[in-house]
Ligand code: AMP
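Residue numbers (our numbering): 10 to 412.
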């Protein structure tokens, strides 16, 4: 049954305690990418435009529940949110459980927007402590989960708080961003228009085993790049030089290659590589190798033939899910593969394909290439989208109301 959304809830004169994901990059007090704040606006507006008040809570970074730390304050987010909304945002205190925060939440009036300080300053957040959950549950008449980026974590504000609110008979619904994320990724998994092509890259095979096993029976093709390609290539007996290989996963990689063949899923591996002698931005000596990489060299990007092959597969796709860079895209010398795969994906999108970027590094890369708004959907959650693609259910979503 579909999860009830904030748009379907009666919010008039209600204080809506909303868990959002405002975990944005902040350097020297300046937000360098405010996408997660902008993506939260539709739910916030849906609440305040219909006579409710929005009491927002989020984490930022990884403070460890030891109280206020200036490096992780959400104050810059409150300021940016006020700018985007064109109205004041209350930021009551340095501790979301203190009397000032509680009074602000309890006295919220229709149209008010209140941002509580970083939930991870409170020790109850990670532990999901009952006293913490009960306290926060009193801050709202209903709960809204709009934090897809944290949907795979049973943190207090994601799980114990809505559970406590449900026990008090309060409604718990999904925000519009959460709904959109679940829909794009859910549809791609349940009923993808074929050919369904999955692009996988990044550092490790071990992070993506479950995801590959879940996708092999569904995907028409899986395109592999990044360091994880070298574990597959070594498992096939290729010379990979000093490329990054997970020796403990060679057997597993071989098994997945066999599984792909059995399921008639084309698992594509690079046929050439941009290689370097040093793992540095300049790479020491840089050269391109075909199937065999010379000793002393490591593969840091897919090569030109591979780019052509992968581009052809992607341009013929009707559904694309992309998770992980094709090389060390942070360094310009090893960025081309990732950029060209992104370009081929948006080319397919312009011809009607559905394309989804699975958050994290890939979303950052798409943004950097100026291509982010040409994909059908760029997820705000790297870890969460990986878990969803791996087929793991979210308990934080399961406890929300259904229609
Ligand atoms: P992940 O977090 O698993 O998505 O991995 C992303 C990281 O993998 C990025 O920081 C890339 O620089 C890195 N990466 C991609 N390709 C390679 C490669 N061939 N060798 C080493 N690191 C790589």
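The C-beta atom is built at its ideal place from N, Cα and C for all residues, glycine as well.
What you are looking at is a predicted structure, and each value in this text was computed from that prediction instead of being measured.
In this structure, residue 46 sits away from residue 123, with a CB-CB distance that is not shorter than 9 Å. Around residue 278, the same chain offers 233, 238, 241 and 242 as residues with beta carbons nearer than 7 Å, after the five sequence neighbours per side are excluded. Distance from the C-beta of residue 307 to the nearest heavy atom of the ligand AMP is below 8 Å. Pairing residue 218 with residue 321, the inter-Cα distance amounts to about 25 Å. The three-state secondary structure of residue 152, taken from DSSP, is strand.
For residue 308, the pairing in a beta bridge is given by DSSP as 284. In this structure, residue 119 sits near residue 60, with a CB-CB distance shorter than 9 Å. In this structure, the alpha-carbon of residue 360 lies about 15 Å from that of residue 205.
Following the DSSP letters along the chain, one finds residue 170 in no beta strand (DSSP E) but inside the alpha helix (DSSP H) bounded by residues 169-176.
Secondary structure note for residue 241: its alpha helix (DSSP H) is the uninterrupted segment 237-244. In the structure shown, the three-state DSSP call for residue 324 is helix.
When the beta-carbon positions are compared, residue 401 and residue 362 stay at least 9 Å from each other. In its chain, beyond the 5 residues on either side, 109, 110 and 113 have a beta carbon closer than 6 Å to the beta carbon of residue 101. Considered as a whole, the region 52-122 harbours 84-94 and 108-115 as its complete alpha helix (DSSP H) runs of no fewer than 4 residues, in chain order.
Exclusion of the five residues before and after residue 48 leaves 186 and 389 as the residues of its chain whose Cβ lies within less than 7 Å of its Cβ. Taking 9 Å as the cut-off, the Cβ atoms of residue 292 and residue 343 count as close. Distances taken from the Cβ of residue 319 to the heavy atoms of the ligand AMP include none shorter than 8 Å. Taking non-hydrogen atoms of the ligand AMP into account, the C-beta of residue 388 is found less than 8 Å away from none of them. By the CB criterion at 9 Å, residue 331 and residue 364 fall inside the cutoff. By DSSP's assignment, residue 28 forms a beta bridge with 66 and 154. Distances from the CA of residue 22 to each of 57, 356 and 29 were compared; the closest alpha carbon is that of 57. Our two residues, residue 41 and residue 372, have alpha carbons roughly 14 Å apart in a direct line.
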